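Notes to accompany the following structure.
Written out as structure tokens, the structure reads:
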């Protein structure tokens, strides 16, 4: 965590002041250790509570979209529902099949949760609130995300159930296919920001054009395309609808999680929500300006509040998408990844290279630059979209009137 | 006997290399042979990084770039090797190296 | 502190590599080898080579491990059997002797030469400088590596997806 400057407001410096209150009397090597420990405990507590709240918010939002109230019995407005869910899940019996590989069966949720939580270490949550400031932070984040695929395989294999194995293979195919657009979508951001460090990328989006328009990456043509590709790939990487074939109940029961019950199932569930939250946090950092406020006059609100607001907006967006779109089949989603998202992400690299090389264009040439970039983003999208869905007849609706 | 961290790293990479070598020579399953080869490649990369860290380097980034290239080539070789294993399995229904003795196919 | 950390990384990596080469269950072998790759990545981190450590994690643990596991599952003897048949004792002994001879030569070279004095901090290799050198001095190598990866990927897809021909092979 970085030292705060005196001109930051009290709210801004509050987390560091609280932490120094606790650890300032310790000698030097212990103080670093205690600071790191406090950072870890705070991250686990905050995101654990966010996970619990998110399960309730998801069920309420899904309910309202489907014209029903959602859980409202346990506590006022169903606010105690996560506690009830937790008690139910933890009190279930932990059943392991007799022929299952017990060590792997135990290790799979542990490894999944460990690598997902490790991804939280490089996201800057506020002006002075990044737990580890690495030089190659973005690469670390996605390297750790790639480690989660191993746990999916271990879960499917160790259950000694051929349907679990088939579902694990399908889940792995989905994860590997969407890793490529995910990684290609942030390469333009690094190209323009000139650094792989998350704090550097947030600092590169810190200016305001004409005094009131923020220079976030999402407000540029290539940034918008990159943000869209990143969000779609993040949906698929965290196994959310419409890419939730691996865990759909109407498909192979629960896929690779079929033989898991009780606490281990909660770990898988938690890892999915943590992954969603971590990817949303990274999207906020890479594309939405991190912890910066949208207008310079709103800078008095502390930076971690802005980060939280943007994060919650993206998470509600994830839930909204789940309520709206039907599920894709495995061949549809792999075709979408390889034949649509990957070429789009590669063309986006070219667009960003053009944007970066035309940095010095001023005056009316700026309009030309924007026009060319917008054409380079929109035309491939339309052309490849038409080609991918060719042969599909236009949709006709028949209503029950 | 071991006077510096560099010597410890060299001993480490030598041991890893020889474990990979012994494994590749003694197993008759093709996939285990490929895993032994991957271990040997990793040991060589370890050597590079040990000399980059502890010895004088011509330029600060040379060792790291070499190891990055080596990791990329090792990944390509693993992919091709495992495709070959799958093709051999398709012919002889098992992957014992002793049975892959014919050139015809 | 550094030597103790190095020793710990050594023991974990060597232990998992040796166990991986000795087991009969192929999936356990592969998973232990993945553990040794993670140990190597931690070694790179302790030497200060962050970029290579994360590249090792991303490439080996994230991708090569998947390829190996898929190959193991596609070449199984039966639905549930991933054990490897035992190798003959003579083969094992000759491999150990060959490995031991190579180890003796390498250790002689490592322990008997006088090595230059170790510097206190490693060289600083910020990622920006790595990028500048990759695009500057080593640009040709980068293009060649890109071509190697493309050709290898295309080639492995072609090799692994051959349609089996209809006629059976005659016994000689």
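Residue numbers (the numbering used here), protein chains in the order written: chain L, 337 to 737; chain U, 756 to 860; chain R, 130 to 301. Note that beta-carbon positions come from the ideal geometry of N, C-alpha and C, so glycine has one too. Keep in mind it's a predicted model, so treat the numbers as computed, not measured.
Mapping DSSP to helix, strand and coil, what is residue i?
{"i": "residue 684 of chain L", "result": "helix"}
{"i": "residue 848 of chain U", "result": "coil"}
{"i": "residue 428 of chain L", "result": "coil"}
{"i": "residue 859 of chain U", "result": "coil"}
{"i": "residue 802 of chain U", "result": "helix"}
{"i": "residue 295 of chain R", "result": "For residue 295 of chain R, the pLDDT reaches just 49, beneath the cut-off of 50, and the residue's location in the model is therefore unreliable, although a value from the coordinates is still provided. Three-state DSSP puts residue 295 of chain R in coil, outside helix and strand."}
{"i": "residue 408 of chain L", "result": "coil"}
{"i": "residue 679 of chain L", "result": "helix"}
{"i": "residue 212 of chain R", "result": "strand"}
{"i": "residue 711 of chain L", "result": "helix"}
{"i": "residue 575 of chain L", "result": "coil"}
{"i": "residue 322 of chain L", "result": "Since the first and last residues shown for chain L are 337 and 737, residue 322 of chain L lies out of range."}
{"i": "residue 700 of chain L", "result": "helix"}
{"i": "residue 497 of chain L", "result": "coil"}
If we count the other Cβ atoms within 10 Å of its Cβ and call it buried at 16 or more, is residue i buried or exposed?
{"i": "residue 253 of chain R", "result": "exposed"}
{"i": "residue 429 of chain L", "result": "exposed"}
{"i": "residue 773 of chain U", "result": "buried"}
{"i": "residue 490 of chain L", "result": "buried"}
{"i": "residue 733 of chain L", "result": "exposed"}
{"i": "residue 403 of chain L", "result": "exposed"}
{"i": "residue 537 of chain L", "result": "buried"}
{"i": "residue 858 of chain U", "result": "exposed"}
{"i": "residue 646 of chain L", "result": "buried"}
{"i": "residue 132 of chain R", "result": "exposed"}
{"i": "residue 259 of chain R", "result": "buried"}
{"i": "residue 850 of chain U", "result": "buried"}
Measuring CB to CB, does residue i end up less than 8 angstroms from residue j?
{"i": "residue 305 of chain R", "j": "residue 145 of chain R", "result": "Given a span of 130 to 301 for chain R in the structure shown, any question on residue 305 of chain R remains unanswerable."}
{"i": "residue 175 of chain R", "j": "residue 236 of chain R", "result": "no"}
{"i": "residue 829 of chain U", "j": "residue 150 of chain R", "result": "no"}
{"i": "residue 557 of chain L", "j": "residue 718 of chain L", "result": "no"}
{"i": "residue 827 of chain U", "j": "residue 152 of chain R", "result": "no"}
{"i": "residue 565 of chain L", "j": "residue 669 of chain L", "result": "no"}
{"i": "residue 375 of chain L", "j": "residue 467 of chain L", "result": "yes"}
{"i": "residue 180 of chain R", "j": "residue 540 of chain L", "result": "no"}
{"i": "residue 798 of chain U", "j": "residue 825 of chain U", "result": "no"}
{"i": "residue 159 of chain R", "j": "residue 790 of chain U", "result": "yes"}
{"i": "residue 476 of chain L", "j": "residue 470 of chain L", "result": "yes"}
{"i": "residue 583 of chain L", "j": "residue 593 of chain L", "result": "yes"}
Using the Cα positions of residue i and residue j, report the straight-line distance between them to the nearest angstrom.
{"i": "residue 713 of chain L", "j": "residue 706 of chain L", "result": "11 angstroms"}
{"i": "residue 373 of chain L", "j": "residue 360 of chain L", "result": "14 angstroms"}
{"i": "residue 348 of chain L", "j": "residue 390 of chain L", "result": "26 angstroms"}
{"i": "residue 436 of chain L", "j": "residue 596 of chain L", "result": "11 angstroms"}
{"i": "residue 722 of chain L", "j": "residue 771 of chain U", "result": "53 angstroms"}
{"i": "residue 524 of chain L", "j": "residue 692 of chain L", "result": "10 angstroms"}
{"i": "residue 708 of chain L", "j": "residue 562 of chain L", "result": "16 angstroms"}
{"i": "residue 601 of chain L", "j": "residue 444 of chain L", "result": "11 angstroms"}
{"i": "residue 516 of chain L", "j": "residue 508 of chain L", "result": "13 angstroms"}
{"i": "residue 408 of chain L", "j": "residue 380 of chain L", "result": "27 angstroms"}
{"i": "residue 573 of chain L", "j": "residue 346 of chain L", "result": "38 angstroms"}
{"i": "residue 364 of chain L", "j": "residue 350 of chain L", "result": "22 angstroms"}
{"i": "residue 639 of chain L", "j": "residue 624 of chain L", "result": "13 angstroms"}
{"i": "residue 821 of chain U", "j": "residue 762 of chain U", "result": "21 angstroms"}
{"i": "residue 786 of chain U", "j": "residue 212 of chain R", "result": "12 angstroms"}
{"i": "residue 555 of chain L", "j": "residue 530 of chain L", "result": "18 angstroms"}
{"i": "residue 613 of chain L", "j": "residue 274 of chain R", "result": "35 angstroms"}
{"i": "residue 352 of chain L", "j": "residue 641 of chain L", "result": "15 angstroms"}
{"i": "residue 228 of chain R", "j": "residue 844 of chain U", "result": "28 angstroms"}
{"i": "residue 855 of chain U", "j": "residue 847 of chain U", "result": "8 angstroms"}
{"i": "residue 141 of chain R", "j": "residue 206 of chain R", "result": "31 angstroms"}
{"i": "residue 616 of chain L", "j": "residue 694 of chain L", "result": "30 angstroms"}
{"i": "residue 301 of chain R", "j": "residue 165 of chain R", "result": "At residue 301 of chain R the pLDDT is 42, less than 50, meaning the model places this residue with poor confidence; the figure from the coordinates comes in the next sentence. Approximately 44 angstroms, taken between the alpha carbons."}
Give me the chain U residues within the contact set of residue i, using Cβ-Cβ distance strictly less than 9 angstroms, ordered along the chain.
{"i": "residue 248 of chain R", "result": "808, 809, 810, 811"}
List the residues of chain L whose Cβ lies closer than 8 angstroms to the Cβ of residue i, in chain order.
{"i": "residue 208 of chain R", "result": "498"}
Mind pulling the chain R residues with CB within less than 8 angstroms of residue i?
{"i": "residue 472 of chain L", "result": "179, 180, 183, 256"}
{"i": "residue 530 of chain L", "result": "257"}
{"i": "residue 826 of chain U", "result": "181, 184, 185, 188, 189"}
{"i": "residue 850 of chain U", "result": "204"}
Strictly below 7 angstroms CB to CB, what residues from chain R border residue i?
{"i": "residue 461 of chain L", "result": "Near residue 461 of chain L there are no residues of chain R at all, since even the closest Cβ is about 21 angstroms away, more than 7 angstroms."}
{"i": "residue 831 of chain U", "result": "277, 278, 281"}
Output, in chain order, the set of chain R residues within a Cβ distance shorter than 9 angstroms of residue i.
{"i": "residue 478 of chain L", "result": "183, 187, 191"}
{"i": "residue 858 of chain U", "result": "None at all; the shortest Cβ gap to chain R is about 12 angstroms."}
At 9 angstroms on the CB atoms, spell out the chain L contacts of residue i, in chain order.
{"i": "residue 198 of chain R", "result": "486, 489, 493, 508"}
Taking only beta carbons into account, state which residues of the stretch 135-152 of chain R come closer than 9 angstroms to chain C, listed in chain order. The chain labelled as chain C is not found among the protein chains of the depicted structure, namely L, U and R.
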